[in-house]
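Here the structure is laid out as structure tokens; the discussion comes afterwards.
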Amino acid sequence: MCIKAKSLEELQDKVLNCRACQLRQTCNQVVFGEGDPDANIMLIGEGPGEEEDKKGRPFVGRAGKLLDSILAENGFDRFEDVYIANIVKCRPPRNRIPTPEERGNCLLHLYKQIEIIQPEIIILLGATALQGLIDPLAKITKQRGKWLSWRGIWVMPTYHPAALLRNPRLKQPASEDFKMVFEKYRELIDTKHFY
Ligand code: SF4
Numbered sequence: 052m053c054i055k056a057k058s059l060e061e062l063q064d065k066v067l068n069c070r071a072c073q074l075r076q077t078c079n080q081v082v083f084g085e086g087d088p089d090a091n092i093m094l095i096g097e098g099p100g101e102e103e104d105k106k107g108r109p110f111v112g113r114a115g116k117l118l119d120s121i122l123a124e125n126g127f128d129r130f131e132d133v134y135i136a137n138i139v140k141c142r143p144p145r146n147r148i149p150t151p152e153e154r155g156n157c158l159l160h161l162y163k164q165i166e167i168i169q170p171e172i173i174i175l176l177g178a179t180a181l182q183g184l185i186d187p188l189a190k191i192t193k194q195r196g197k198w199l200s201w202r203g204i205w206v207m208p209t210y211h212p213a214a215l216l217r218n219p220r221l222k223q224p225a226s227e228d229f230k231m232v233f234e235k236y237r238e239l240i241d242t243k244h245f246y
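For the sequence shown, my numbering begins at 52 and goes up steadily by one.
This is the structure:
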């Protein structure tokens, strides 16, 4: 199946009406994504959680607040500098990991989002994002902090902010991963970023 949409708004309209998998039967609403449609950096997480499902926005719970502060440490604002989306747009029941089939259905939306936004850098937040976009067998503990490439876009896998809340020892390596993104951003996009 190929998704046809010329703009992010057109794609959003289609995705908000999507019923392609069972996740839509149990969630409150589809969480499409938000941020700058022309962002050079795109962040991709797993899927909406309880708060996101209530508010219709990605990363707005505790993990989202932590993500905002990590972005701010590196001079990025969630609305002005990045675009945030997820592998699946509907909340899996009890926040379970989306199945490969659910992931596969929704990836078509994500591919189109990426095609329209055309980021220079993608940050994959957690194992599901890494496995969904790059390799179903990849391990986040092995791949985090290493640059990958996907369709010519620089890709940095790192831990999901929820994992940092559960295990604060992961904060330091995640901070190092974001520093690598910061350096790459200065190299590719803005040599004066955050000076
Ligand atoms: S998770 Fe994705 S594919 Fe499934 S219904 Fe929601 S928008 Fe459609």
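Glycine included, each C-beta is placed from N, C-alpha and C at the ideal position.
Taking contact to mean at least 3 C-beta pairs separated by less than 8 Å, is the segment 99-107 in contact with the segment 149-167? Of all C-beta pairs linking the segment 99-107 to the segment 149-167, fewer than three are shorter than 8 Å, placing the two stretches out of contact.
Can at least three beta-carbon pairs, one atom from the segment 206-224 and one from the segment 171-187, be found at a separation below 8 Å? In short, these stretches touch, since the Cβ pair count reaches three.
Is any heavy atom of the ligand SF4 found at a distance shorter than 6 Å from the C-beta of Arg75? Result yes, Cβ under 6 Å from the ligand SF4.
Secondary structure, alpha helix (DSSP H): runs of 4+ residues fully inside the segment 81-144: With a minimum length of 4 residues, the continuous alpha helix (DSSP H) runs that stay inside the segment 81-144 are 101-106, 113-124.
Cβ separation of Val82 and Asn137, assumed to be a contact under 8 Å, to the nearest whole Å: Rounded, the Cβ-Cβ distance is 7 Å, consistent with contact.
Verify the contact flag: Lys140, CB atom, against every heavy atom of the ligand SF4, threshold strictly below 6 Å. Flag set: Cβ of Lys140 near the ligand SF4.
Measuring only the C-alpha atoms, how far is Ala90 from Arg145? Rounded to the nearest angstrom, the two C-alpha atoms are 31 Å apart.
Rounded Cβ spacing between Ile154 and Val133 (contact assumed at less than 8 Å): Contrary to the premise, residue 154 reads as Arg rather than Ile in this sequence. Not confirmed; about 22 Å, so no contact.
Counting C-beta neighbours from all protein chains within 10 Å, is the total for Ala123 16 or more, i.e. buried, or is it exposed? Ala123 should be labelled exposed.
Which listed residue (Leu67, Ile92, Cys69, Gln63) has its alpha carbon closest to that of Pro170: When the alpha-carbon of Pro170 is set against those of Leu67, Ile92, Cys69, Gln63, the nearest one is in Ile92.
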